[in-house]
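Participant: What follows is a structure written as structure tokens; I'll ask about it next.
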Amino acid sequence: MDEINRNSGNYSDSESIVRDWMTRDPFTVKPESTVEEAINILDMHDIFSVPVVDGDGIYLGLVTKTVLMQLFLKDKSLDTRVNTVMTRDATVIGPDDPVSKAMGMKDGALPVVDGLGHLQGIITRTDILSANSGYIRKVKDKLDSSETLKHVLNSAYEGVVVVDKNCTILEFNEAYGRFIGKRPEDVIGKNVEDIIENTRLPVVVRTGIEERGHIQRIRGQDMVVHRIPIKKNGEVTGAIGMLIFADVNELYNIIGRVNKKRDLDKKGKNEPTRKERFLLGKIIGSSGPMQKAKDLARRAARTPSTVLITGASGTGKELFAQAIHDMSLFSEGPLVSVNCSAIPGTLLESELFGYEEGAFTDARKGGRKGKFELAHNGTIFLDEIGDMPLFMQAKILRVLQDRIVEPVGGIQKRKINVRIIAATNKNLEEMIKEGTFREDLYYRINIIRLELPELKERKEDIEELLLGFIRRFCSEFGFHEKVLTPEAMEMLVSYGWPGNVRELENAAEMLVSLTEGDVIGVGDLPKKISDTGTRQNHDTSSALKDRAMEGERQAIREMLEECGGNKAEAARRLGIQRSTLYEKMKRLGMD
Ligand SMILES: Nc1ncnc2c1ncn2[C@@H]1O[C@H](COP(=O)(O)OP(=O)(O)OP(=O)(O)O)[C@@H](O)[C@H]1O
Numbered sequence: 001m002d003e004i005n006r007n008s009g010n011y012s013d014s015e016s017i018v019r020d021w022m023t024r025d026p027f028t029v030k031p032e033s034t035v036e037e038a039i040n041i042l043d044m045h046d047i048f049s050v051p052v053v054d055g056d057g058i059y060l061g062l063v064t065k066t067v068l069m070q071l072f073l074k075d076k077s078l079d080t081r082v083n084t085v086m087t088r089d090a091t092v093i094g095p096d097d098p099v100s101k102a103m104g105m106k107d108g109a110l111p112v113v114d115g116l117g118h119l120q121g122i123i124t125r126t127d128i129l130s131a132n133s134g135y136i137r138k139v140k141d142k143l144d145s146s147e148t149l150k151h152v153l154n155s156a157y158e159g160v161v162v163v164d165k166n167c168t169i170l171e172f173n174e175a176y177g178r179f180i181g182k183r184p185e186d187v188i189g190k191n192v193e194d195i196i197e198n199t200r201l202p203v204v205v206r207t208g209i210e211e212r213g214h215i216q217r218i219r220g221q222d223m224v225v226h227r228i229p230i231k232k233n234g235e236v237t238g239a240i241g242m243l244i245f246a247d248v249n250e251l252y253n254i255i256g257r258v259n260k261k262r263d264l265d266k267k268g269k270n271e272p273t274r275k276e277r278f279l280l281g282k283i284i285g286s287s288g289p290m291q292k293a294k295d296l297a298r299r300a301a302r303t304p305s306t307v308l309i310t311g312a313s314g315t316g317k318e319l320f321a322q323a324i325h326d327m328s329l330f331s332e333g334p335l336v337s338v339n340c341s342a343i344p345g346t347l348l349e350s351e352l353f354g355y356e357e358g359a360f361t362d363a364r365k366g367g368r369k370g371k372f373e374l375a376h377n378g379t380i381f382l383d384e385i386g387d388m389p390l391f392m393q394a395k396i397l398r399v400l401q402d403r404i405v406e407p408v409g410g411i412q413k414r415k416i417n418v419r420i421i422a423a424t425n426k427n428l429e430e431m432i433k434e435g436t437f438r439e440d441l442y443y444r445i446n447i448i449r450l451e452l453p454e455l456k457e458r459k460e461d462i463e464e465l466l467l468g469f470i471r472r473f474c475s476e477f478g479f480h481e482k483v484l485t486p487e488a489m490e491m492l493v494s495y496g497w498p499g500n501v502r503e504l505e506n507a508a509e510m511l512v513s514l515t516e517g518d519v520i521g522v523g524d525l526p527k528k529i530s531d532t533g534t535r536q537n538h539d540t541s542s543a544l545k546d547r548a549m550e551g552e553r554q555a556i557r558e559m560l561e562e563c564g565g566n567k568a569e570a571a572r573r574l575g576i577q578r579s580t581l582y583e584k585m586k587r588l589g590m591d
């Protein structure tokens, strides 16, 4: 039997295989069939040849029209059995052979015979034609997609280089070429080490381990690169190198933008992020003015704009400044506080701007950095800015405008990147009228204005603050948690708190430290507080309190409804601790 290259092919995967295109279950004749029977089959089905197969499906030979014609010429009987006249050495083909091997066949169809000699089918000229058109389509698609790939590579903003296992460059896009100043056609086919300095693609090819997000210095510029091995059947056949950003600063900008966007996305229109919730959660108080202040702080943190925090002493200005810094894009940098009223005017300049060596008699060797420079990439908190002498007001105007500092006695100016938060308990508008505060400076700092109300204007917060502070001090001092009697609480709430939250915090500390036992009663309160708790005051304040309590009840009820009764979620959304919510509900008779 003459086989066409059976098992000899090392054909490409995409080439058509006989098994996929042959005609299965072809017409056959038995060896004992007569020539007449064979002629009938060929005639009836208009075919050129018919295979002869025994009872076990084993292929024996082929009866063709040519052979039969010759029989007629020799006057042979129609009863002659086909096994005596069939062609035994006709060409056959294997089911796993490529269709291309069947091309150029003589007999119209080739029997397809497997390794055990069984007839699997026949492959006709029509089968070959179908297979070929399928193959051509596949090749065309492939060509199209490689064109598309080339186009994608060349329009990519990132540099891309592809090497084979010998580190020879196979692909090299235009972006990479622009960056290293070489044309792709000049580098393809060259060894990558001769083209790209410090390349680690050979290492990746050798180890098969990918490297993502590495910094590589190319042409004096730090680049972020990925190097990815290409594997086939577990073996490394090459690697891809990608230059991701034109320079690392761009990466930082992108990270900043991504973080900002993530924060914006997370807050779904205006919802605080987790970090914001955590930081603002440290600021106790859920009264309307406090919620407004927290919301403004959160929004201010998302911009680099200067913030002016105003409010009486002890209202939490510094606490808010800290929270804004912690929530802002400057939180990776330091928060540097300067109390403008505590530093003598003469020293303030060198304190803020630093000085160069030899700037004045006592100047430290090597000079000293000022607070503005120390706050570089972070936040500077100018506390009590209303107490800054006029000559200094003029000097810091320049920094606020251009972010440029000039150390005392220095000639070199320095550019700084800093977020400014100023605070004061003074009435700056009045000071401008009096001529003690510069109007131009005022407009420079009064960009985002956060006004913190006095405690007496948000009495609803007093209980929450007291409970929070008492809990904190008990835990700090290792005490069992102490509770206030309702009368003591009422008296504390009706007190005026001229020193605001600072005074209240100190009072809570004193009460926790000095009260014996776990219950803090009216007798434990400082005289100034119990004295003001007269009946008269008490009457007016309790009417006020009733209204406030009803307001609170309603707010809690609504939030609980919104949260499907989930108290933890309701507390979170109200911006208070879960335990505070429980305590409040108990006090408001909502259990
Ligand atoms: N809402 C609050 N929640 C918890 N603690 C607070 C709150 N407000 C203020 N405090 C605390 O009260 C104290 C005084 O606050 P802070 O120093 O921020 O006030 P200030 O307005 O900057 O005061 P000053 O004007 O006197 O500098 C601090 O210990 C602060 O942590």
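If you count the sequence shown from 1, position 113 lands on 113 in UniProt numbering, and the numbers rise without skipping. Beta carbons: idealized from backbone N, C-alpha and C, even for Gly. Because the structure is a prediction, the values reported are computed rather than measured.
Could you give the C-beta distance for residue 61 and residue 90, rounded to a whole number, given that I count them as a contact under 8 Å?
Facilitator: That belief holds up - the Cβ atoms of residue 61 and residue 90 are roughly 7 Å apart, short of 8 Å.
Participant: Which first and last residues belong to the beta strand (DSSP E) in which residue 109 is found?
Facilitator: Where residue 109 is concerned, the enclosing beta strand (DSSP E) stretches over 109–113.
Participant: By the three-class DSSP mapping on this structure, what secondary structure does residue 292 have?
Facilitator: Helix.
Participant: Is the region 286–295 in contact with the region 469–487, if contact means three or more CB pairs nearer than 8 Å?
Facilitator: At 8 Å Cβ cutoff, the stretches do not touch.
Participant: Determine the contact status of residue 31 and residue 82, defining contact as a CB-CB distance below 8 Å.
Facilitator: In contact: residue 31 and residue 82 (Cβ atoms closer than 8 Å).
Participant: Ligand 1 and residue 224: does any heavy atom of the ligand fall closer than 7 Å to the residue's C-beta?
Facilitator: For ligand 1, not one heavy atom lies less than 7 Å from the Cβ of residue 224.
Participant: With a threshold of 8 Å on Cβ separation, who are the neighbours of residue 552 within its own chain once the five nearest residues in sequence on each side are excluded?
Facilitator: Excluding positions up to five away in sequence, the list reads 460, 584, 588.
Participant: By Cβ distance below 8 Å, which residues in the same chain neighbour residue 580 in space, the five residues on each side in sequence not counted?
Facilitator: Answer for residue 580: 464, 467, 468, 571, listed in chain order.
Participant: Say yes only if the C-beta of residue 295 is nearer than 7 Å to one or more non-hydrogen atoms of ligand 1, and no if none qualify.
Facilitator: Checking every heavy atom of ligand 1 against the Cβ of residue 295, none is found closer than 7 Å.
Participant: Would you mind sorting residue 103 into buried or exposed? The rule is 16 or more other CB atoms within 10 Å of its CB.
Facilitator: Exposed, by the Cβ-count rule.
Participant: Write down the C-beta distance between residue 297 and residue 320 rounded to the nearest angstrom, noting that I regard them as a contact closer than 8 Å.
Facilitator: Correct: roughly 6 Å between the Cβ atoms.
Participant: Between residue 29 and residue 51, what straight-line distance do the alpha-carbon atoms span, to the nearest angstrom?
Facilitator: Their backbone Cα atoms lie some 6 Å apart in a straight line.
Participant: Would the C-beta of residue 501 count as close to ligand 2, meaning under 7 Å from any of its heavy atoms?
Facilitator: Absent from the structure shown: ligand 2. Ligands present: ligand 1.
Participant: DSSP three-state call for residue 60: helix, strand or coil?
Facilitator: Correct three-state label for residue 60: strand.
Participant: How would you write the range of the alpha helix (DSSP H) that residue 324 sits in, first residue to last?
Facilitator: Counting along the chain, the alpha helix (DSSP H) containing residue 324 begins and ends at 317–327.
Participant: Under 8 Å by Cβ, that's how I've got residue 169 and residue 307 pegged, so tell me the actual separation to the nearest angstrom.
Facilitator: So it is not a contact: roughly 54 Å between Cβ atoms.
Participant: Quick check: what's the CA-CA separation for residue 343 versus residue 525?
Facilitator: One C-alpha to the other measures close to 36 Å.
Participant: According to DSSP, is residue 199 part of a helix, a strand, or is it coil?
Facilitator: Coil, per DSSP.
Participant: Answer yes or no: do residue 160 and residue 205 have a C-beta to C-beta separation smaller than 8 Å?
Facilitator: Result no, Cβ atoms of residue 160 and residue 205 do not sit closer than 8 Å.
Participant: So, is residue 394 buried or exposed, given that buried needs 16 or more other C-beta atoms within 10 angstroms?
Facilitator: Classification for residue 394: exposed.
Participant: Should residue 421 and residue 403 be called a contact, given that it needs their Cβ atoms to be closer than 8 Å?
Facilitator: No, Cβ-Cβ distance for residue 421 and residue 403 is not below 8 Å.
Participant: Please report how far the alpha carbon of residue 240 lies from the alpha carbon of residue 230, in whole angstroms.
Facilitator: Roughly 7 Å separates the two Cα atoms.
Participant: For residue 216, which beta-bridge partners are listed by DSSP?
Facilitator: Beta-bridge pairing links residue 216 to 223.
Participant: Three or more C-beta pairs closer than 8 Å, one from the region 478–491 and one from the region 335–351: is that the case here?
Facilitator: Touching, no.
Participant: Confirm the yes/no value for this check: CB of residue 402, any heavy atom of ligand 1, distance under 7 Å.
Facilitator: No - ligand 1 has no heavy atom lying nearer than 7 Å to the Cβ of residue 402.
Participant: Take residue 316 and list the residues in its own chain whose beta-carbon comes closer than 7 Å to its own, dropping the five residues that flank it on each side.
Facilitator: If we look at residue 316 and ignore the five residues flanking it on each side, its Cβ neighbours are 283, 452, 501.
Participant: Could you check the C-alpha separation between residue 22 and residue 56 for me, to the nearest Å?
Facilitator: Their backbone Cα atoms lie some 21 Å apart in a straight line.
Participant: Given a cut-off of 8 Å on the beta-carbon distance, is the pair residue 444 and residue 401 in contact?
Facilitator: Yes.
Participant: Who are residue 65's beta bridge partners in DSSP?
Facilitator: Residue 65 pairs with nothing; no bridge assigned.
Participant: Measure the CB-CB distance between residue 198 and residue 217 and report whether it falls below 8 Å.
Facilitator: Yes, they are a contact pair.
Participant: Would you say residue 529 and residue 492 are within 8 Å of each other, going by their C-beta atoms?
Facilitator: The answer is yes: Cβ separation under 8 Å.
Participant: Look at the alpha carbon of residue 286 and the alpha carbon of residue 576, and state the distance between them as a whole number of angstroms.
Facilitator: Roughly 7 Å separates the two Cα atoms.
Participant: Please state whether DSSP places residue 177 in a helix, a strand or coil.
Facilitator: DSSP places residue 177 in helix when its eight states are reduced to three.
Participant: Below 8 Å between beta carbons: does that hold for residue 68 and residue 35?
Facilitator: Yes, these two residues count as a Cβ contact at 8 Å.
Participant: Just how far apart, CA to CA, sit residue 350 and residue 414?
Facilitator: The straight-line gap from Cα to Cα measures roughly 14 Å.
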